[in-house]
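Protein chains in written order, with the working numbering: chain A, 614 to 735; chain B, 2 to 425. From the three backbone atoms N, C-alpha and C, an ideal C-beta is built for every residue, glycine too. Remember, predicted model here, so these are calculated numbers, not experimental data. Accompanying notes for the structure given below.
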Amino acid sequence: MLYAILCYHDEDFVGSWTQEQDAAVMKKLAVVQDKLARQGRLGPVARLLPTTAAATLRKDDPPLVLDGPYAETKEQLLGFYLVECENLEGALDVARDLGAANPGGAYEIRPVGMYAPGGGAT
Amino acid sequence: MTDSAWIDAALTSARPQAVGALLRYFRNLDTAEEAFQNACLRALKSWPQNGPPRDPAAWLIMVGRNVGIDDIRRNRKQAPLPDDDQAISDLDDAEDAIAERLDGSHYRDDILRLLFICCHPDLPATQQIALALRIVSGLSVKQIARAFLVSEAAMEQRITRAKARVTEANVPFETPGAVERSERLAAVAAMVYLIFNEGYSASGDTAEIRAPLCEEAIRLARLLLRLFQSEPEIMGLTALLLLQHARADARFDSEGALILLEDQDRLQWNQKMIAEGLALIDKAMRHHESGPYQVQAAIAALHARAEKPEDTDWKQIDLLYGTLEIMQPSPVVTLNRAVAVSRVRGPQAALEMIEPLAPRLSNYFHFFGVRGAFLMQLDRNDEARVAFDRAIALANTSAEAAHIRMHLDRLMRDSQPRDTKAGK
Numbered sequence: 614m615l616y617a618i619l620c621y622h623d624e625d626f627v628g629s630w631t632q633e634q635d636a637a638v639m640k641k642l643a644v645v646q647d648k649l650a651r652q653g654r655l656g657p658v659a660r661l662l663p664t665t666a667a668a669t670l671r672k673d674d675p676p677l678v679l680d681g682p683y684a685e686t687k688e689q690l691l692g693f694y695l696v697e698c699e700n701l702e703g704a705l706d707v708a709r710d711l712g713a714a715n716p717g718g719a720y721e722i723r724p725v726g727m728y729a730p731g732g733g734a735t
Numbered sequence: 002m003t004d005s006a007w008i009d010a011a012l013t014s015a016r017p018q019a020v021g022a023l024l025r026y027f028r029n030l031d032t033a034e035e036a037f038q039n040a041c042l043r044a045l046k047s048w049p050q051n052g053p054p055r056d057p058a059a060w061l062i063m064v065g066r067n068v069g070i071d072d073i074r075r076n077r078k079q080a081p082l083p084d085d086d087q088a089i090s091d092l093d094d095a096e097d098a099i100a101e102r103l104d105g106s107h108y109r110d111d112i113l114r115l116l117f118i119c120c121h122p123d124l125p126a127t128q129q130i131a132l133a134l135r136i137v138s139g140l141s142v143k144q145i146a147r148a149f150l151v152s153e154a155a156m157e158q159r160i161t162r163a164k165a166r167v168t169e170a171n172v173p174f175e176t177p178g179a180v181e182r183s184e185r186l187a188a189v190a191a192m193v194y195l196i197f198n199e200g201y202s203a204s205g206d207t208a209e210i211r212a213p214l215c216e217e218a219i220r221l222a223r224l225l226l227r228l229f230q231s232e233p234e235i236m237g238l239t240a241l242l243l244l245q246h247a248r249a250d251a252r253f254d255s256e257g258a259l260i261l262l263e264d265q266d267r268l269q270w271n272q273k274m275i276a277e278g279l280a281l282i283d284k285a286m287r288h289h290e291s292g293p294y295q296v297q298a299a300i301a302a303l304h305a306r307a308e309k310p311e312d313t314d315w316k317q318i319d320l321l322y323g324t325l326e327i328m329q330p331s332p333v334v335t336l337n338r339a340v341a342v343s344r345v346r347g348p349q350a351a352l353e354m355i356e357p358l359a360p361r362l363s364n365y366f367h368f369f370g371v372r373g374a375f376l377m378q379l380d381r382n383d384e385a386r387v388a389f390d391r392a393i394a395l396a397n398t399s400a401e402a403a404h405i406r407m408h409l410d411r412l413m414r415d416s417q418p419r420d421t422k423a424g425k
């Protein structure tokens with residue numbers, strides 16, 4: 614079984630780490646990741662840019678683009694995509710296509726800051 | 002991360018919200034600040050023992066409020082108290098009791114009120130910045146004094162004066178209306194930009210101690226953007242600061258001399274900040290509501306996108322400066338544009354562009370530096386030397402002067418090749 618592990622934390626808190634503190638945390642995480650990678654169990658790892666860089670597409674008809682992250686709590690996270698796009702508009706186009714295939718709910722679009730493709734997990 | 006580093010980061014990140022909420026409650030800057038300080042002291046004792054609270058800001062607000070009320074009771078037995086029906090005396094219960102009530106509805110207004118007070122129009126810019134760094138960012142007076150290269154006593158006085166003015170001005174602690182909010186948002190954005198520039202304009206020998214100003218400005222910009230998620234100019238401001246600061250490690254050589262953009266080692270640019278800056282400017286552009294911060298960020302983005310200096314899209318930069326000239330006419334903008342023009346249409350066109358600025362920029366270091374560089378490119382070396390001499394006389398920092406001297410040395414070498422050879 615593949616498991617997705619989704620990371621939650623207080624953005625203000627993480628944002629007030631110094632560069633050194635941030636690097637120290639990433640280094641400790643890398644130790645755990647390396648172990649999983651050696652066992653061939655690690656898929657992609659991504660660190661998202663802050664929510665200030667996010668946009669949200671509400672899959673209404675017509676779809677509505679809002680600035681900022683997805684803020685509602687009544688829906689649940691059901692899945693995610695990683696897509697290579699030229700820019701935010703390109704990502705929104707992809708989201709619109711997906712939304713047309715499956716209306717209702719919303720997509721939050723967040724640029725990825727750090728990405729390691731992994732490739733160990735099958 | 003150690004306990005104390007964790008607590009430091011938690012206190013720093015909770016500060017704007019907590020002080021903002023305490024200000025709403027006590028309606029007095031000093032009381033709110035003191036209450037927050039006292040709450041922090043209790044956190045330092047309580048958190049390592051009892052573990053971190055689920056919501057540090059809520060904990061600090063609740064404890065700060067109770068401590069503040071106790072202090073008022075002690076100091077002024079007869080004075081009327083704030084409505085304390087919600088005060089809870091048992092600190093252990095504080096978090097659970099308040100967590101539900103702090104649903105974030107006050108969050109935005111509390112922080113805004115705090116920022117707006119710091120940007121009160123009665124305060125000169127230097128006091129606005131000092132007050133914001135003290136109250137919102139929570140830097141110590143010593144840290145701020147160090148970053149501004151003034152004595153601690155002088156900075157203490159500056160902050161005390163600013164607070165006194167705020168009190169005199171009888172700042173309303175009510176939540177501002179929509180119109181006032183958008184007017185004052187511009188003032189807050191300008192203040193954040195000024196804080197950044199204080200750090201960014203540092204010379205090589207002071208860059209390290211002033212860099213925290215840049216980081217603090219970025220933190221404030223992000224905070225502002227979270228409060229105003231759909232404001233393209235706030236996206237532009239945040240992007241601009243990130244894109245500029247991404248170059249921090251490449252801007253000075255080991256001796257502290259300034260390294261020009263085209264000579265910088267681009268591998269030292271911080272790609273994480275660049276990625277975030279580019280994402281934000283991209284997002285802002287979708288709004289089709291241009292503004293000065295967005296245009297400046299777009300210019301910075303073109304530099305950031307160029308892997309090598311010769312990849313720089315000077316034509317587009319020239320156009321963007323042209324737009325900025327219309328939005329914010331200023332001789333300094335024209336001077337910057339001329340640098341792009343020199344790349345697109347050559348030094349003669351650029352020189353013609355800046356000649357009319359001479360009367361207004363007769364005491365501006367960069368004017369003579371740029372003018373000298375154009376003249377040098379046109380082989381008008383005697384005139385270039387005059388311009389460079391004037392630039393050195395006007396240099397604000399030793400790094401600026403050193404940079405111009407480098408040009409002068411090159412002029413000397415170029416103009417006396419035979420002498421040099423004869424000497425060998």
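- Cβ-Cβ separation between L242/B and A280/B: approximately 14 Å, too far for a contact (criterion under 8 Å).
- Residue environment for G200/B: buried (at least 16 other C-beta atoms within 10 angstroms of its C-beta).
- Per DSSP, the continuous alpha helix (DSSP H) segment holding Y108/B begins and ends at 108-119.
- Think of a sphere of 7 Å around the beta carbon of D4/B: no beta carbon from chain A falls inside it, the nearest being about 13 Å out.
- Restricting attention to P716/A, A729/A, Y694/A, the CA atom closest to the CA of I722/A is found in Y694/A.
- Under the three-state reduction of DSSP output, L711/A falls in the helix class.
- In this structure, A650/A sits away from Y728/A, with a CB-CB distance that is not shorter than 8 Å.
- Between the alpha carbons of L303/B and I282/B lies a gap of roughly 11 Å.
- The straight-line gap separating the alpha-carbon atoms of A394/B and F369/B is approximately 10 Å.
- Taking C-beta atoms under 8 Å as the contact rule, R372/B and P332/B fail to qualify, at a distance of about 12 Å.
- DSSP places L376/B in the uninterrupted alpha helix (DSSP H) bounded by 366-378.
- G292/B and I318/B have their C-alpha atoms spaced approximately 15 Å apart.
- Near chain A, meaning a CB-to-CB distance below 8 Å, the residues of the segment 268-294 of chain B are K273, A276, E277, A280, L281, D283, K284, R287.
- Taking C620/A as reference, the option from T631/A, L642/A, E688/A with the minimal CA-CA separation is L642/A.
- Counting other Cβ atoms within 10 Å of its Cβ, S5/B stays below 16 and is therefore classed as exposed.
- Note that the segment 260-268 of chain B does not touch the segment 665-676 of chain A; fewer than 3 beta-carbon pairs, one per stretch, sit closer than 8 Å.
- Going by DSSP, L325/B is part of the alpha helix (DSSP H) stretching over 315-328.
- Relative to N67/B, the option among K46/B, G237/B, A36/B whose CA is nearest is A36/B.
- In the displayed model, L677/A falls within a strand according to three-state DSSP.
- With respect to the 8 Å criterion, V167/B and P17/B are not classified as neighbours on the basis of their beta carbons.
- The continuous beta strand (DSSP E) containing G726/A extends over residues 725-729.
- Around the beta carbon of I327/B, a 10 Å sphere encloses fewer than 16 other beta carbons of the protein chains shown; the residue is thus reported as exposed.
- For A22/B, there is no enclosing beta strand (DSSP E); the residue is found in the alpha helix (DSSP H) stretching over 4-27.
- Annotated three-state conformation of A667/A is coil, per DSSP.
- Under the three-state reduction of DSSP, V137/B is assigned to coil, being neither helix nor strand.
- The beta carbon of L140/B sits closer than 8 Å to the beta carbons of L134, A148, P213, E217 from its chain, once the five residues preceding and following it are set aside; these are given in chain order.
- Within the segment 682-708 of chain A, the residues whose Cβ lies closer than 8 Å to any Cβ of chain B are, in chain order, N700, L701, E702.
- For R43/B, the uninterrupted alpha helix (DSSP H) run begins and ends at 30-51, by DSSP.
- Between the segment 224-234 of chain B and the segment 249-259 of chain B there are fewer than three C-beta pairs closer than 8 Å, too few to call the two in contact.
- At a C-beta separation below 8 Å, A131/B has no neighbours in chain A, since its nearest C-beta there lies roughly 21 Å away.
- Between the segment 688-703 of chain A and the segment 627-645 of chain A there are fewer than three C-beta pairs closer than 8 Å, too few to call the two in contact.
- Not a single CB atom of chain B sits nearer than 8 Å to the CB of G653/A.
- A straight-line Cα-Cα distance of about 55 Å links E624/A and E384/B.
- CA-CA distance, S152/B to L124/B, rounds to 20 Å.
- Rounded to the nearest whole angstrom, the C-alpha separation of K309/B and L23/B is 51 Å.
- Taking C-beta atoms as the reference points, L379/B and P348/B count as a pair closer than 8 Å.
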